[in-house]
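Residue numbers (the numbering used here), protein chains in the order written: chain A, 16 to 406; chain B, 16 to 406; chain C, 16 to 406; chain D, 16 to 406.
Dropping the structure here:
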C-alpha cells in the first residue's frame with residue numbers, strides 16, 4: 016500500500032499513555048493523505064495489568080517494565096512520554112540521546128530548569144517534538160486564532176484566561192506525588208497554568224512580563240497508605256502531611272505586543288469542573304471559548320452581541336471527525352489531531368505541533384509567576400528560541 | 016487470551032458504516048470485562064474507494080461490492096446495516112434468514128410496514144438486534160432516566176421533545192434520495208422524529224396516541240446531475256424536482272401512563288444546528304437535556320432553580336471514556352457504547368440495547384403522526400411487543 | 016402648562032391596580048411629547064387598607080368601596096379594570112355604557128362569551144380600550160417584530176410558544192377563586208395561554224385553527240378558611256376541594272398565513288419560574304425571546320448561530336427608560352408603556368394599544384383550545400373584527 | 016396621616032438626578048412602614064429644559080440655576096448630588112457645612128483626596144450620607160452576601176470581579192469631560208472599578224493591597240464643537256485631543272482576611288455591554304452574579320454544579336417590587352431601595368446605606384490601583400474608618 020510505517024513506543028500507560036496509543040492508531044483513517052502507518056511496537060509501565068492491557072487491548076506488540084528498553088529499541092521511531100512529571104526530564108533526554116522524536120505530556124518538566132534542559136538538548140540534536148498542549152487543537156480555538164489573525168477583531172488589546180478545576184477541592188483527596196515539590200515541582204502552575212500560558216501566547220504572542228500571586232488553600236492532606244492510580248484508588252489513614260505546592264495562582268500579563276491580560280488558575284475551585292476559558296478583546300470585537308462547552312465559540316465582531324458559533328466543517332480539523340455542526344467531538348479527538356501533527360512533523364522534519372521550545376516557554380511563564388508571587392515584583396519572562404506559537 | 020472472537024461484517028461504508036467499524040474495535044479496551052474480541056471480517060460497499068479504506072484504514076480483512084456476500088460469510092457472526100433506508104428491509108431480512116444478529120441504523124425501514132416486517136421476522140427467529148438509537152447512551156440521558164425512575168421528579172406529567180436541525184434548510188441543497196418517498200419513505204419523521212419518539216418512550220413509557228401536523232417548507236430542490244456522498248459533493252443543474260416528504264412535523268402526545276407531551280422536529284430550521292432537546296416535568300421537579308451541549312443535564316428536583324450537572328463518573332458509561340467531569344465525550348463514543356451493548360447482547364442472548372421491536376415502535380409513532388397529519392384526528396399508536404424502552 | 020389633564024379611575028387595588036396607578040403617573044416624564052397630565056381621581060376597592068394606601072401613597076384624591084362610583088364620576092375620563100376575572104364583564108360594560116375608555120387586565124373575561132360581549136359593546140360605542148397584553152411592549156419583542164416585518168427572517172414558517180410557570184405547582188396552594196369555573200372561567204388558558212396567543216398573533220398573524228389537549232395535574236387543593244390576597248396570606252384547614260379548571264394546555268396551531276406552530280402553557284411546572292418563550296422560524300433565520308431574560312433577544316439571520324442582542328436604545332421604548340444597553344428595565348416599565356399607549360389612544364381617538372378586539376381574539380384561541388381538548392378535533396378559531404395585532 | 020415629611024433637594028438633573036427624584040417619590044408606597052413623606056422642594060440645573068422638566072414632570076415645587084440655593088434652602092432636609100465628578104467635592108462640603116445629609120453619586124470625588132476630604136468632613140459633623148453604590152441593593156447580590164455570611168460557601172478564598180462596558184469603545188466617541196483629568200479625575204477606575212471594589216469589600220471584607228496595571232486603548236478622540244448631554248448629542252469637528260485617563264485596569268487583590276482576588280474593568284470592551292460580574296469562591300462552594308442578568312444568581316454549595324436561582328420574594332427587597340420569581344426588576348428599582356435606605360438613615364440617625372466612608376474606601380482601592388500601575392509594585396490600601404461594607 017506504500018504507506019510509511021512508523022514504530023511507536025509509549026512510556027507510561029495511565030489514562031494519558033493509553034490515549035496516546037489510541038491516538039496513533041486513529042491517525043491513518045482520519046488523515047489518509049499522510050500515508051502513515053503507525054505500529055505500536057513497545058509499551059513500558061511498572062504495573063503488570065497495564066502491560067497486559069497494552070498487548071491485549073491497545074494493540075502493542077509487546078510491553079516491558081523497563082522504559083529504557085523502549086528508547087533503546089531500534090524498531091521504535093517515535094516515543095510518547097506519559098510518566099509522572101519528575102521523570103519527564105530523564106526520559107526525554109534519553110530519547111534525545113537516541114535521536115528519537117518524542118511526544119511528551121505537559122508540563123514538560125517539573126520546572127523551567129527541567130524544561131530548558133530538555134528543549135536545549137532537542138534543539139542541539141535538531142529533533143522534532145510534541146508537547147501535549149492539546150487545547151491548541153480544539154476546532155473552536157483554531158477558528159478563534161484565524162479570526163484574530165484575519166484582523167476581524169482589530170488590534171488585540173487584552174486577554175482574560177482562567178482555568179478553574181475542582182480535582183483537588185476536597186481536603187480529603189490524598190497526598191499524592193502531585194502535591195510534593197520533588198515529584199511534581201509546581202502545583203497548579205504546571206498542571207493548568209501552563210495550558211493557559213500556551214493558549215495566551217498562541218492567540219496574542221509572547222508574554223513578556225508578569226505580576227502574580229499564588230496560594231495554597233488546602234494545606235494538609237491525608238497520606239496514602241496504599242497508592243492508587245491518578246486521583247483514584249488510594250487508601251489513606253489518619254496521618255496528614257503538608258501540601259508543598261500551590262493550589263491557586265493569578266497573574267497580570269504584559270505581552271510583547273503591548274497587549275495586557277490576566278491569567279488565573281485553581282485546582283481547588285468548587286463549582287467549575289474544568290472551566291478553561293480564553294477571552295480575547297480587540298479594538299474591533301472579542302471572542303470567548305470555554306472548554307466545558309468545547310464546541311462553542313462566542314464571537315462579537317460587530318454584530319452588537321455575542322454570536323454562539325457551533326464548531327463544524329471549516330473549523331480546524333472538525334470535518335475529519337464529524338459531518339456537521341452541533342455534533343460533539345470528544346477530548347480524545349484532540350489527541351488524535353496532536354498525534355497526526357506529530358507524525359506529520361516526523362515525516363517532514365518540520366515542526367507542525369507545539370515543540371519542546373513551546374513547553375519551555377510555558378514553563379518560563381510559570382517560573383515568572385512563581386518568582387513574582389515570591390517577591391511581589393513584576394518579572395520579565397525569559398524569551399525562548401524556536402517556539403511555534405507565533406508562527 | 017481466552018477472549019471470545021466475534022466476526023463482524025459491515026454493509027455500507029459511509030460515515031455511519033465507518034463509525035460502526037471503529038466502534039466494534041474500541042469495545043475490548045473500554046469493556047475489558049466483556050472478554051470479547053471483534054474481528055472485522057468483511058465490509059461491503061459499491062464504491063471502490065470505500066472498500067479500499069475499509070482494508071487500509073479500518074482494519075477489515077477484506078471488502079466486497081456484494082452485500083449478500085457479507086451475510087453469507089460463515090465467519091461473520093454479526094452484521095451492521097448502514098445502507099440507505101430503502102435497503103434496510105431487504106438486508107435485515109437476509110440477516111434474519113441467515114440467523115445473524117444485526118445492528119441496523121435508524122430508521123429501521125422506510126415506514127412502519129418495513130419495520131414491522133423486520134421486527135416480526137427477528138422475533139420469530141429469536142435473534143438479538145440493535146437499532147441505532149444512540150442518544151439512549153448519552154451519559155446525561157442515562158442519568159436523567161435514573162433520576163426519573165428514582166422518583167426524584169415525582170410523577171411524570173408531561174414531556175417536551177424537539178429536534179431542530181438545519182441540514183436541509185438551504186433550498187439549494189440537492190434533491191437526493193432523502194427527499195423521495197420511494198427511497199427514504201418519510202422525511203424528518205424517519206430522520207429525527209424517530210429518535211425523539213424513542214427518547215420520549217425511554218423516559219416516560221409508551222406513547223398511546225398522537226395528534227399531529229406536518230409540512231414541507233422547501234417544496235422543490237435542484238436535481239443532482241452527478242451524485243455525491245451524504246449531503247456533500249453533489250453536482251446540480253438548472254432542473255428542480257419536487258420534494259416528496261415532510262420537512263417538519265409537530266405532535267401532541269398522550270402516553271399510556273396518563274402523561275402528555277409535545278414532539279416537534281424540523282430539518283429546515285435556521286438557527287439551531289442539532290438542537291435535540293428532551294424536557295421532562297414531574298410533580299416533584301423537572302430536567303432538560305440538549306444534544307448541542309451533550310454533557311450537560313439541567314435538573315431541578317427542589318433546588319429552586321435548574322442545576323447544571325456536567326456528566327462525569329457515575330453518569331452512565333462516562334468513566335470508561337474520561338476521568339473527570341467537564342471533559343467532552345464525543346458523539347462517536349455513543350456508538351462505542353452501542354457496539355458494546357450489542358456485543359454483550361450477542362454474548363448473553365439477552366437484549367441489552369434497543370431492539371428491532373424498539374425500531375418498530377418508533378416507526379409506529381411516526382406512522383401515527385403521519386396519519387394524524389393527513390386526517391386531522393387523534394390516532395392511536397399500535398402497541399408493539401418486545402420493546403426494551405420500559406425495561 | 017398647557018398639558019391636557021385626564022382624570023383616572025382605578026377599580027381594584029391589588030398588585031395590578033396599584034401598578035396601573037403608578038404607570039399613569041409615570042407617563043408625563045417618560046412621554047413628555049404627549050402633553051398629558053393624568054390625575055388620579057378615584058380608586059375603588061373593598062379592602063380598607065387598599066383604599067388608604069391609594070390616598071396615602073398612590074396619589075389618589077379619594078377612594079371608595081363602590082366601583083360604580085368610579086364609573087359614574089364625571090371627573091373620571093378613563094378607567095382601569097383590575098378586579099378578578101369574573102367581574103371584568105360587568106365593570107367593562109358599565110364603562111362602555113358611560114362612554115369611558117377603559118384599560119382592562121387580561122383575560123378580558125372569564126371566557127370568549129364574556130370577551131365577545133365586551134368587545135362588541137366597545138365597538139358599538141366606538142371607544143378606545145386597552146387590554147393588558149404587556150409583553151407586546153417588551154423592547155426585545157418590539158425589535159423581534161420589526162425584524163420579522165423587515166423580512167430579515169424570510170417567510171415565517173413556524174412558531175414555538177410556551178409559558179411555563181410554577182405559581183400553582185404546590186398541591187398545598189389554597190383553592191382560591193382562580194381554580195373555580197364560576198369565578199375564573201378557565202385556568203391557565205386565561206392566565207397564560209391568552210398572552211401566548213396574543214404574542215403568536217402579533218408576530219405571525221391570525222391563528223386559524225387549533226388541535227389541543229388540556230389537563231389538571233393537581234386535582235384537589237385545601238379550601239381556605241380565611242382569604243388572603245393573590246397567592247399569599249390565605250389560611251387553610253383540613254378540607255380539600257376540587258380544582259375545576261386546567262393546569263396545563265398544549266396546542267398545535269395553524270395560522271391564516273400558512274405558518275404552523277405549537278403553544279403550550281402550564282401553571283404547575285417545577286423548574287421554570289416564569290419562562291414565557293417565543294421562537295419564530297423563517298426561511299431566512301429565526302429568533303428567540305424568554306421573559307426570564309426579558310432584555311435579551313436571540314437572533315440568527317444568517318450569522319451561523321444565535322447572536323444574543325441586549326435591548327438598548329433603538330429597541331422599542333427602551334431609550335425612555337435606560338440610557339444604554341445591558342441595563343435592566345423592569346416589568347413595571349411595560350405597564351408604563353401600556354399606560355402611555357392607552358393615553359395616546361384616548362387623546363387621538365386611534366387605537367395604539369391592544370384593544371378589546373385583541374382581548375376577544377385571544378379568548379377565541381383559548382376557547383378553541385378548550386373545545387379541541389374536549390372533543391379531540393381541530394377547531395377553527397372565530398375571526399374577530401378590529402384586532403390591532405396585524406396592523 | 017402622621018407621616019414625617021422630608022424636604023428633598025436635587026442638584027443636577029441629568030439621567031441620574033431625575034432618577035434620584037423619582038426614587039424619593041417611590042419610597043412611601045414601597046416602604047410604608049417608614050412613615051416617610053418626601054417632598055421635592057427644589058432642583059438645580061444649569062439647563063433650562065431640565066429645570067422645566069423638574070417642575071412639570073418630576074414634581075419639584077421649584078427649580079433654580081444655582082445649586083447653592085438648594086443647600087441654603089431651610090426647607091431642604093436632604094440633598095442629592097448628581098453633578099459631574101469634579102463638582103462633587105464642593106457641593107458635598109457645602110452640604111456638610113449646612114448640616115444636610117446628602118446622597119452623592121459615585122465616584123464620590125475625582126480621586127481619593129477629594130473623597131477623603133468629604134468623608135472626614137462628614138465624620139466630623141456626624142452626618143448620615145449615601146453613596147450611589149447601587150449594586151449592593153440588587154436582590155441577588157443581597158442573597159449572595161447572606162449565603163456567604165451563613166457559611167454555606169465555607170471560608171472565602173478568592174474573588175473574581177470584572178466590569179466590562181463598551182460605552183467608550185468607539186474611537187469616534189467625543190472627548191467629553193470624562194476623558195480629562197481635571198474634570199473626571201481617573202477614567203474607568205472612577206466609573207466602574209469603584210463599584211467593583213465596593214462589591215468585593217461587601218462580599219469579602221477589606222482589600223488590603225493591590226498589584227495593578229492600567230492602559231488607554233483609545234488615545235485620541237474628537238473634540239466636541241458643541242456639547243451634548245452624557246454620551247449623546249455632541250457635535251464634533253476634525254480636531255482630536257488626547258484622552259488623559261485610563262480605559263482599562265486590572266488588579267490582583269489581597270484581602271485583609273487572607274483571601275485573594277482579581278479585579279478588572281474596561282470601558283472599551285467590544286462584546287460585553289454592561290457585564291459586571293462578581294464570582295466568590297469558598298472552601299464549600301461558589302457563586303456568580305452578572306449585572307446583564309441582574310435577577311439571576313448562580314450558586315454551587317455542594318449540588319455538583321451551578322444552580323441558577325431567579326431572584327424572588329426572600330431575596331433582599333424583591334418582594335416590595337414584584338410578586339413572584341422570574342419577573343424583572345429594573346435598574347431604577349435599585350435606586351428606590353437606595354433612597355429608602357438613605358431616608359431610613361436620616362430618620363434613625365444610623366447609617367443603613369453605603370456612606371461617605373465607603374465612597375472613600377473604594378477611592379483608596381482605586382488610588383492604590385493607579386499607584387501600582389505607575390510603579391509596578393504592590394501597594395497597601397489605606398484603611399478607612401467607618402465603612403459599612405463589613406457590618
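Glycine included, C-beta positions come from ideal geometry on N, C-alpha and C.
In or out: residue i buried (at least 16 other Cβ within 10 Å) or exposed?
i	result
residue 61(D)	exposed
residue 81(B)	exposed
residue 406(D)	exposed
residue 126(D)	buried
residue 164(A)	exposed
residue 177(D)	buried
Taking the alpha-carbon positions, what's the residue i to residue j distance?
i	j	result
residue 90(B)	residue 24(B)	9 Å
residue 256(B)	residue 300(C)	24 Å
residue 231(C)	residue 148(B)	33 Å
residue 93(D)	residue 115(D)	6 Å
residue 122(C)	residue 98(C)	11 Å
residue 194(C)	residue 182(C)	12 Å
residue 109(C)	residue 86(C)	7 Å
residue 107(C)	residue 21(D)	40 Å
residue 311(A)	residue 346(B)	15 Å
residue 117(D)	residue 196(D)	25 Å
residue 146(B)	residue 372(B)	9 Å
residue 142(B)	residue 68(B)	31 Å
Quick one: measure Cβ to Cβ for residue i and residue j, integer angstroms, because I've assumed they're closer than 8 Å.
i	j	result
residue 362(A)	residue 49(A)	7 Å
residue 190(A)	residue 302(A)	Contact doesn't hold; Cβ gap of about 40 Å is too wide.
residue 56(A)	residue 84(A)	Wrong, their Cβ atoms sit about 11 Å apart, outside the cutoff.
Taking C-beta pairs closer than 8 Å, name the residues in chain G that residue i reaches, listed in chain order.
i	result
residue 301(B)	In the displayed structure, chain G is absent; the protein chains listed are A, B, C and D.
Under 7 Å Cβ to Cβ from residue i, same chain only, skipping five residues before and after it: list those, please.
i	result
residue 16(D)	Model confidence at residue 16(D) stands at a pLDDT of 46, short of 50, so the residue's coordinates are unreliable; what they give is reported in the following sentence. Taken in chain order, the list of residues that qualify is empty.
residue 359(C)	49 and 367
Ignore the nearest five residues each way along the sequence and tell me which others in residue i's own chain have a CB closer than 6 Å to its CB.
i	result
residue 46(D)	355
residue 254(C)	238
To which residues of the same chain is residue i closer than 8 Å at the C-beta, ignoring the five residues directly before and after it?
i	result
residue 224(C)	268, 269, 383, 393, 394, 395 and 396
Cβ contact check for the segment 32-49 of chain D and the segment 371-378 of chain D: 3 or more pairs under 8 Å = Because the criterion of three Cβ pairs below 8 Å is not met, the segment 32-49 of chain D and the segment 371-378 of chain D do not touch.
Three or more beta-carbon pairs under 8 Å between the segment 344-364 of chain B and the segment 102-113 of chain B, yes or no?
-> Contact annotation: the segment 344-364 of chain B does not touch the segment 102-113 of chain B, with fewer than three C-beta pairs closer than 8 Å.
Counting Cβ pairs, one atom from each stretch, are 3 or more of them under 8 Å apart for the segment 381-391 of chain A and the segment 193-210 of chain A?
-> The segment 193-210 of chain A and the segment 381-391 of chain A touch, with three or more beta-carbon pairs separated by less than 8 Å.
Are the segment 146-160 of chain D and the segment 318-338 of chain D touching by the rule of at least three beta carbon pairs closer than 8 Å?
-> Taking one beta carbon from each stretch, the segment 146-160 of chain D and the segment 318-338 of chain D have 3 or more pairs nearer than 8 Å; the two touch.
Inter-stretch contact (C-beta, 8 Å, three-pair minimum) for the segment 167-182 of chain A and the segment 221-241 of chain A | With a cut-off of 8 Å, the segment 221-241 of chain A and the segment 167-182 of chain A do not count as touching, because too few Cβ pairs lie within range.
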